[in-house]
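Structure first, commentary second.
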Amino acid sequence: RKEVEQDPGPFNVPEGATVAFNCTYSNSASQSFFWYRQDCRKEPKLLMSVYSSGNEDGRFTAQLNRASQYISLLIRDSKLSDSATYLCVVSRGSGNTGKLIFGQGTTLQVKP
Amino acid sequence: DGGITQSPKYLFRKEGQNVTLSCEQNLNHDAMYWYRQDPGQGLRLIYYSQIVNDFQKGDIAEGYSVSREKKESFPLTVTSAQKNPTAFYLCASSIPAGRTDTQYFGPGTRLTVL
């Protein structure tokens with residue numbers, strides 16, 4: 003089993019649609035959670051951190067379910083510019099190593 | 003402007019050659035990381051350093067070497083012992099040392115072995 007699993011997609015949606023990505027992780031000791039965005043042939047960039055209570059940033063909402071070891075990202079009112087690969091990222095464990103585990107990413111294609 | 007720079011952007015290497023990828027940051031970050039990304043795969047950790055003059059192997063360190071003589075710099079050498087070096091190499095940094103915190107990435111170096 004992969005440490006961080008994502009549905010690779012691609013998700014093809016029309017502009018204005020709402021789309022949700024899911025991610026599961028295997029290490030119950032993980033403490034930090036993130037969503038990164040990666041454009042084609044570019045470096046990953048932080049989209050948002052994920053907090054236990056859930057958090058929202060504009061059209062983006064992230065949720066964490068520690069009991070199920072499940073993270074989600076919801077994008078509302080999709081824009082063409084949202085087309086990218088979204089990486090689910092989880093810390094290695096409770097130790098303070100600074101090490102992260104990256105999922106393989108979910109590709110989103112927003113169409114006019 | 004603060005940030006992370008990597009050079010070169012593209013690098014071509016003949017089999018049997020060692021090459022060194024540059025990574026410099028002016029964010030005053032303590033920790034620095036090297037990752038490798040292959041098509042359709044997640045990032046895999048090669049080496050990381052939490053403080054100057056100290057570094058640790060990541061998950062796929064074989065065939066690679068690093069140094070951390072200055073806080074700002076964390077060069078990666080891809081040696082001839084690395085069997086499949088063609089990949090996208092990403093350097094990242096974070097603060098503070100010893101904590102899991104947000105990592106910021108440089109623009110990457112695409113290495114192709116001819």
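Each protein sequence line maps, in turn, to chains A and B.
The numbering used here puts the first residue of the first sequence at 3, with every later residue one more than the last.
The numbering used here puts the first residue of the second sequence at 3, with every later residue one more than the last.
Where is the CB? At the ideal position from N, CA and C, for every residue including glycine.
To which residues does DSSP link residue i through a beta bridge?
| i | result |
| --- | --- |
| Leu-66 (chain A) | A:Ile-73 |
| Thr-26 (chain A) | A:Glu-7, A:Tyr-72 |
| Pro-16 (chain A) | A:Lys-113 |
| Asn-57 (chain A) | A:Ala-64 |
| Lys-72 (chain B) | B:Ser-75 |
Going by the CB atoms, is the gap between residue j and residue i shorter than 8 Å?
| i | j | result |
| --- | --- | --- |
| Ala-95 (chain A) | Ser-28 (chain A) | Ala is not the amino acid found at residue 95 (chain A); the sequence shown has Gly there. No, the pair does not count as a contact, with Cβ atoms beyond the cut-off. |
| Ser-96 (chain B) | Thr-88 (chain B) | no |
| Asn-14 (chain A) | Gln-106 (chain A) | no |
| Leu-78 (chain B) | Tyr-35 (chain B) | no |
| Tyr-91 (chain B) | Leu-116 (chain B) | no |
| Gly-56 (chain A) | Gln-52 (chain B) | no |
For residue i and residue j, what's the separation of their Cα atoms in angstroms?
| i | j | result |
| --- | --- | --- |
| Ser-82 (chain B) | Asp-61 (chain B) | 19 Å |
| Tyr-53 (chain A) | Arg-70 (chain B) | 33 Å |
| Ala-94 (chain B) | Leu-76 (chain A) | 26 Å |
| Ser-55 (chain B) | Lys-72 (chain B) | Position check: residue 55 (chain B) holds Asn in this sequence, whereas Ser was assumed. Using only the alpha carbons, I get a separation of about 8 Å. |
| Phe-62 (chain A) | Arg-78 (chain A) | 7 Å |
| Ser-83 (chain A) | Pro-16 (chain A) | 12 Å |
| Ser-80 (chain A) | Lys-113 (chain A) | 9 Å |
| His-31 (chain B) | Thr-22 (chain B) | 22 Å |
| Tyr-38 (chain A) | Pro-46 (chain A) | 6 Å |
| Gly-5 (chain B) | Asn-28 (chain B) | 6 Å |
| Leu-1 (chain B) | Glu-5 (chain A) | Outside the modelled stretch of chain B, which goes from 3 to 116, sits residue 1 (chain B), for which no answer is possible. |
| Ala-64 (chain A) | Asp-9 (chain A) | 16 Å |
| Leu-45 (chain B) | Leu-102 (chain A) | 9 Å |
| Leu-66 (chain A) | Ala-22 (chain A) | 13 Å |
Looking at chain A, is there any beta carbon in it that lies within less than 8 Å of the beta carbon of residue i?
| i | result |
| --- | --- |
| Tyr-50 (chain B) | yes |
| Pro-109 (chain B) | yes |
| Leu-47 (chain B) | yes |
| Thr-104 (chain B) | yes |
Distance cutoff 8 Å, beta carbons only. Does residue i sit that close to anything in chain B?
| i | result |
| --- | --- |
| Glu-58 (chain A) | no |
| Leu-102 (chain A) | yes |
| Leu-48 (chain A) | yes |
| Gln-106 (chain A) | yes |
| Phe-36 (chain A) | yes |
| Ser-74 (chain A) | no |
Within the segment 37–70 of chain B, note down every full beta strand (DSSP E) run reaching 3 residues or more, in order along the chain.
46–53, 56–59, 66–68
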